[in-house]
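A.B. asks:
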Amino acid sequence: MSWERQITIKSASELELMRQAGQINAEALAAARDAAHPGASTADLNAAAEDVLKKYGVYSPFKNYPGPYPYPASTNVSLNEELVHGIPNPKRKLKEGDIVSIDCGTVYEGFVADSAITVPVGKVSEEVAKLLEVTEGSLYAAIAQMVAGNHVGDVSHAVQEHVEDRGLQVTREYTGHGVGREMHEGPQLPNYGIPGRGMQLRVGMTIAIEPMVLIGSPFTRVLADQWTVVSRNGLPTAHYEHTVAVTETGPRILTLLANGASPGRIQLPRV
Ligand code: MG
Ligand code: MG
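Quick note: the sequence shown, position 212, residue 212 per my numbering, numbers continuous.
#1: Tell me which residues share the same chain as H151 and place their Cβ nearer than 8 Å to its Cβ, disregarding the 5 neighbours each side in the sequence.
#2: Rounding to the nearest angstrom, what Cα-Cα distance links R270 and A208 in this structure?
#3: Grouping DSSP H, G and I as helix and E and B as strand, with all else coil, what is A261?
#4: Quick check: what's the CA-CA separation for A113 versus V128?
#5: Have a look at L189, G178, R181 and S125 and flag the residue whose alpha-carbon is nearest the alpha-carbon of V159.
#6: Evaluate P88 with the Cβ neighbour count: other Cβ atoms within 10 Å of its Cβ, from every protein chain shown; 16 or more gives buried, anything less gives exposed.
#7: Quick check on the DSSP output: the beta strand (DSSP E) that includes H239 runs from which residue to which?
#8: Put I143 into one of helix, strand or coil per three-state DSSP.
#9: Starting from R221 and walking both ways along the beta strand (DSSP E), at which residues does that stretch end?
#10: Under the assumption that T118 contacts A36 (Cβ atoms under 8 Å), give the Cβ distance between them as a whole number of angstroms.
#11: Tell me where the beta strand (DSSP E) around N76 begins and ends.
The following block contains the structure:
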């Protein structure tokens with residue numbers, strides 16, 4: 001059976017473990033974000049995140065994740081046109097005006113949190129600033145739809161509508177996913193969809209919502225390293241992700257910092 005079909009409902013105590021995993025994960029992302037200066041390498045950002053995981057005695061499920069070959073790092077660090085799955089590299093240096101997407105996972109007490117941010121390096125162009133704002137905005141539009149009784153298509157549609165209304169493109173080739181004891185559980189959550197379609201959301205479901213947004217064209221290709229996904233047109237891309245629970249009282253983001261802020265740019269989640 002493929003992972004898309006394995007949907008698990010979490011108890012309140014399991015959600016609390018996922019929240020703790022998510023808080024460590026947010027701290028790791030914030031450390032990588034704070035290391036994103038001109039001259040730093042993508043490996044430096046990975047090391048900053050790894051230091052936080054080590055401090056808590058936890059690990060990332062990304063390390064050795066099965067693929068063309070086992071994934072070699074704890075995070076994905078994807079620069080500019082790299083959309084997802086960039087491999088940290090000590091020779092790959094950031095420069096002023098770049099954007100860098102950092103995706104990290106944390107396993108804590110058997111439960112996984114998964115979250116990503118895209119960070120500007122110094123001052124970025126107006127077009128790139130808009131790309132970041134729209135991508136992160138689409139994540140919060142989608143989170144607002146994480147309500148029991150809604151459908152997966154409502155969440156997917158919220159991403160698509162927010163992005164396309166602002167003239168940008170969502171990927172068709174990579175999706176969000178349920179998350180829990182496994183990093184990839186069901187349901188699959190595409191970044192496009194039709195309201196009212198797909199599985200109905202239930203209290204206790206936890207989904208990693210992850211808008212991946214491109215400029216001009218939605219198409220991607222995979223580099224020769226067999227992991228790194230880049231925009232086919234070479235233009236910059238952005239990726240934000242939170243792990244979110246459906247609760248009795250509405251959506252609950254599980255991947256926030258201890259002070260309730262997001263490690264991303266929008267510091268006060270609107271839900
Ligand atoms: Mg992720
Ligand atoms: Mg994910």
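Just so it is clear, CB atoms sit at the ideal spot from N, CA and C, and this is done for glycine as well. Predicted model only: the values in this text are computed from it and were never measured.
C.D. replies: Concretely, from the data shown:
#1: Within the sequence shown, numbered from 1, the residue matching residue 151 stands at position 151. The answer, listed in chain order, is P195, G196, R197, G198, M199, Q200 and L201.
#2: The residue given as residue 270 occupies position 270 in the sequence shown. The residue given as residue 208 occupies position 208 in the sequence shown. Only weak support is given to the placement of R270: the predicted model assigns it a pLDDT of 48, under 50, and the value that follows is read from those uncertain coordinates. Approximately 17 Å, taken between the alpha carbons.
#3: Within the sequence shown, the letter at position 261 stands for residue 261. In the structure shown, A261 sits in coil (DSSP, three-state: anything other than H, G, I, E or B).
#4: By 1-based counting over the sequence shown, the position of residue 113 is 113. By 1-based counting over the sequence shown, the position of residue 128 is 128. C-alpha separation (whole angstroms): 28 Å.
#5: In the sequence shown, counting from the first residue as 1, residue 159 sits at position 159. Per the Cα distances, L189.
#6: Against the sequence shown, residue 88 aligns to sequence position 88. Buried, because 16 or more other Cβ atoms sit within 10 Å of the Cβ of P88.
#7: Residue mapping note: residue 239 aligns to position 239 of the sequence shown, counting from 1. Start and end: T237 to H239.
#8: By one-based count along the sequence shown, residue 143 stands at place 143. Residue state, collapsed to three classes: helix.
#9: Sequence index remark: in the sequence shown, residue 221 carries index 221 (1-based). That run of the beta strand (DSSP E) goes T220 to V222.
#10: Position 118 of the sequence shown, counted from the start, is the residue given in the question as residue 118. Position 36 of the sequence shown, counted from the start, is the residue given in the question as residue 36. Actually they are not in contact, since the Cβ atoms of T118 and A36 sit about 10 Å apart, beyond 8 Å.
#11: Numbered from its first residue, the sequence shown carries residue 76 at position 76. Residues T75 to L79.
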